[in-house]
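**Student:** Dumping the structure here so I can ask a few things about it.
Protein chains: 2
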Amino acid sequence: MKLQVAMDVLTTEAALELAAQVAPYVDIIELGTPLIKAEGLRAVTAIKAAHPDKIVFADLKTMDAGELEADIAFSAGADLVTVLGTAGDSTIIGAVAAATKHGKGIVVDLIGVSDKVTRAREVTALGAKFVEMHAGLDEQAEAGFSLDGLLNQGETAKVPFSLAGGVNIKTIASVQRAGATVAVAGGAIYGATDPAAAAAELRAAII
Amino acid sequence: MKLQVAMDVLTTEAALELAAQVAPYVDIIELGTPLIKAEGLRAVTAIKAAHPDKIVFADLKTMDAGELEADIAFSAGADLVTVLGTAGDSTIIGAVAAATKHGKGIVVDLIGVSDKVTRAREVTALGAKFVEMHAGLDEQAEAGFSLDGLLNQGETAKVPFSLAGGVNIKTIASVQRAGATVAVAGGAIYGATDPAAAAAELRAAII
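Those protein sequences? They're chains A and B, same order as listed.
The first sequence begins at 19 in the numbering used here and counts up by one.
The second sequence begins at 19 in the numbering used here and counts up by one.
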């Protein structure tokens, strides 16, 4: 299981600083959607230039113009780009075409999809490299949220998936047991007093 | 009925040039999602600085972190910010809270929502200023696409709506007859040989 850090910061400078701290412990460096909207794709280029050996994940959450958005993100240096599972199939097909052209990959983010198992299988058939079983920041803040539903859906879908929804040191073992390809940690790393130590601890918890 | 130009260009320079050409004929200037992702919110700031008398519409298509994304877009100069109708209610509520704080507005983009009438009413009750009955660029490119379904859903919902889905000089009268608050034209303006003339012609077609 790979470890991905989701950098939900708002400036390229903060992202570069965080990436420098945690890169030794993670496989995938994600630029969060608010960061990309705030700074533009130059943030992706800056992170890839600083970490050419890491997989750079641009969380575009594309809903339309799939081929165009993926193309400009890959051209900017992204290795993986997200499209929303709530997008139409033609948007996902377009994004996959851009990924094929660049020799890179599309990840379909299932945030907001009610039947994640069915959609996971559909978009995998359309060429997604993997799906993201994802509860967003707003959903995590809702009363009664737990990771269990996402874990079950990941296990049931039987397609490659990452898991994102508040993964931390207490839950990462259950994520690995559910068979995730990638565990995504955001606040557990960037919100820690010592992000490098937090990332190292998560890395050590993966068997 | 107001006229909105959707600027689906990829650089701030191109957006400034297009806005300067068409501003005399439009009420609302929209920065498209690919433009914002490519350039960041500085593009919004540049357009608002150049056109302080126009309503600046930032098509963020927010799916998560509703309050945060709307807040940074309003701070950058946006007057209207979009949230996706496929987002959870908590995301829309957060974005509306940011709009209230800034004295600005949230538009809910119904792209990808299967029952647009029901969702239009729900998000209007949550505080959206209006909804966007929207077929995306990818959907418009699908075989058999027509504007009629969107027009019917707008008429049926009986809440304030804009209409976006390839509005042009042939269809703008039907958009007004359906009761739209705003007609959104993209390619019909930016794809024209003379964008100013195309915008003027659309403006003249509104009674």
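Backbone N, C-alpha and C fix where the C-beta goes; we use that ideal spot for every residue, glycine too.
The structure displayed is predicted, hence computed values, not measured ones.
1) Which class does residue 110 (chain B) belong to by DSSP, given the choice of helix, strand or coil?
2) Along chain B, in chain order, which residues have C-beta atoms closer than 8 Å to that of residue 1 (chain A)?
3) Take residue 89 (chain A) and list the residues in its own chain whose beta-carbon comes closer than 6 Å to its own, dropping the five residues that flank it on each side.
4) In the region 79–107 of chain A, which residues sit with their C-beta less than 7 Å from some C-beta in chain B, listed in chain order?
5) Out of curiosity, what's the CA-to-CA distance linking residue 182 (chain B) and residue 37 (chain A)?
6) Check this for me: beta carbons of residue 101 (chain B) and residue 76 (chain B), under 7 Å apart or not?
7) Along the chain, which unbroken stretches of the beta strand (DSSP E) at least 3 residues long are found entirely within the region 134–168 of chain A?
8) Check the C-beta distance from residue 155 (chain B) over to residue 107 (chain A) and give it rounded, since I have them as a contact under 8 Å.
9) Pair every Cβ in the region 213–222 of chain A with every Cβ in the region 20–35 of chain A, then say whether three or more of these pairs are closer than 8 Å.
10) The region 31–60 of chain B: which residues have C-beta closer than 9 Å to a C-beta of chain A, in chain order?
11) So is residue 180 (chain B) buried or exposed if we call it buried at 16+ other beta carbons inside 10 Å?
12) To the nearest angstrom, how far is it from the Cα of residue 167 (chain B) to the Cα of residue 43 (chain A)?
13) Report the residue ranges of all beta strand (DSSP E) runs contained in full by the region 67–93 of chain A; include only those spanning at least 3 residues, in chain order.
14) Could you list which residues in chain A have their beta carbon closer than 7 Å to that of residue 133 (chain B), in chain order?
15) Taking Cβ to Cβ, would you say residue 126 (chain A) is nearer than 7 Å to residue 146 (chain A)?
16) Of the choices A:109, A:202 and A:103, whose alpha-carbon is the least far from that of residue 86 (chain A)?
17) Whose C-beta lies closer than 8 Å to the C-beta of residue 193 (chain B) among residues of the same chain, with five residues either side of it excluded?
18) So what's residue 223 (chain A) in DSSP terms, helix, strand or just coil?
19) Determine, for residue 169 (chain B), whether the minimum Cβ-Cβ distance to residues of chain A falls below 7 Å.
20) Taking just the CA atoms, how far does residue 56 (chain B) sit from residue 187 (chain B)?
21) Residues of chain A with a CB under 8 Å from the CB of residue 129 (chain B): which are they?
22) Can you list, in chain order, the residues of its chain with a C-beta nearer than 6 Å to that of residue 129 (chain A)? Leave out the 5 residues immediately preceding and following it.
23) Cα-Cα, which of A:161, A:139, A:205 and A:157 is closest to residue 173 (chain A)?
24) I want to see whether chain B comes within less than 7 Å of residue 77 (chain A), judged by CB atoms only; does it?
25) Taking 7 Å as the threshold (beta carbon to beta carbon), is residue 154 (chain B) in contact with chain A?
26) Please classify residue 79 (chain B) as buried or exposed, where buried requires at least 16 neighbouring CB atoms within 10 angstroms.
27) Taking 7 Å as the limit between beta carbons, can you name the residues of its chain near residue 177 (chain A), skipping five residues before and five after?
28) Give the range of the alpha helix (DSSP H) segment to which residue 205 (chain B) is assigned.
29) Kindly list, in the order they appear in chain B, the residues whose Cβ is closer than 7 Å to that of residue 112 (chain A).
30) Within 10 angstroms of its Cβ, does residue 211 (chain B) collect 16 or more other Cβ (buried), or is it exposed?
31) Are the CB atoms of residue 61 (chain A) and residue 84 (chain A) within a distance shorter than 7 Å?
32) Could you say which of A:28, A:69, A:51 and A:52 lies nearest to residue 45 (chain A) if we only look at CA atoms?
33) Comparing alpha-carbon positions, which option in A:223, A:221, A:159 and A:204 lies nearest residue 33 (chain A)?
34) What span of residues does the beta strand (DSSP E) with residue 132 (chain B) cover, start to end?
35) Which bits of chain A does residue 28 (chain B) rub up against, with CB to CB less than 8 Å?
36) Rounding to the nearest angstrom, what Cα-Cα distance links residue 66 (chain A) and residue 74 (chain A) in this structure?
**Tutor:** Well, looking at it:
1) Here residue 110 (chain B) carries a helix assignment [DSSP, helix/strand/coil].
2) No answer is possible for residue 1 (chain A): it lies beyond the span of chain A, which begins at 19 and ends at 225.
3) Counting only Cβ-Cβ distances below 6 Å, and skipping sequence neighbours, we find 116.
4) Taking 7 Å as the Cβ-Cβ cut-off, the region 79–107 of chain A approaches chain B at 79, 81, 82, 83, 84, 86, 87, 90, 102, 104, 105 and 106, given in chain order.
5) Their backbone Cα atoms lie some 39 Å apart in a straight line.
6) No, Cβ-Cβ distance for residue 101 (chain B) and residue 76 (chain B) is not below 7 Å.
7) Runs of the beta strand (DSSP E) inside the region 134–168 of chain A: 148–152.
8) Their Cβ separation, rounded to whole angstroms, is 14 Å, which puts residue 155 (chain B) and residue 107 (chain A) out of contact at 8 Å.
9) A contact exists between the region 213–222 of chain A and the region 20–35 of chain A.
10) So the close ones are 50, 51, 52, 54, 55, 56, 57, 58, 59 and 60.
11) Residue 180 (chain B) is buried by the Cβ-count criterion.
12) Cα-Cα distance, rounded: 51 Å.
13) You should have 73–80.
14) Those do not exist, as residue 133 (chain B) stays about 12 Å from chain A at its closest Cβ, beyond 7 Å.
15) Contact flag set, yes.
16) If we check each option's Cα against that of residue 86 (chain A), A:109 comes out closest.
17) Spatial neighbours of residue 193 (chain B) in its own chain (CB-CB distance under 8 Å, excluding positions within 5 residues in sequence) are listed in chain order as 19, 165, 169, 181, 185 and 201.
18) In the structure shown, residue 223 (chain A) sits in coil (DSSP, three-state: anything other than H, G, I, E or B).
19) With 7 Å as the cut-off, residue 169 (chain B) does not count as an interface residue toward chain A.
20) A straight line joining the alpha-carbon of residue 187 (chain B) with that of residue 56 (chain B) spans about 30 Å.
21) Result: 81 and 82.
22) These residues qualify, in order along the chain: 152 and 154.
23) Per the Cα distances, A:139.
24) When Cβ-Cβ separations below 7 Å define contact, residue 77 (chain A) makes no contact with chain B.
25) Closer than 7 Å to some Cβ of chain A, the Cβ of residue 154 (chain B) qualifies, so yes.
26) By the 10 Å Cβ count, residue 79 (chain B) comes out buried.
27) Closer than 7 Å at the Cβ level, and outside the excluded window around residue 177 (chain A), lie 138, 139, 142 and 149.
28) Note, residue 205 (chain B): alpha helix (DSSP H), 205–208.
29) Within 7 Å Cβ-Cβ: 156.
30) Residue 211 (chain B) should be labelled exposed.
31) It is not a contact, given that the beta carbons lie outside the stated cut-off.
32) Shortest Cα-Cα distance from residue 45 (chain A) to any of A:28, A:69, A:51 and A:52 involves A:69.
33) It is A:204 whose Cα lies nearest to the Cα of residue 33 (chain A).
34) In the DSSP assignment, residue 132 (chain B) falls outside any beta strand (DSSP E), carrying neither H nor E.
35) In chain order: 90.
36) One C-alpha to the other measures close to 6 Å.
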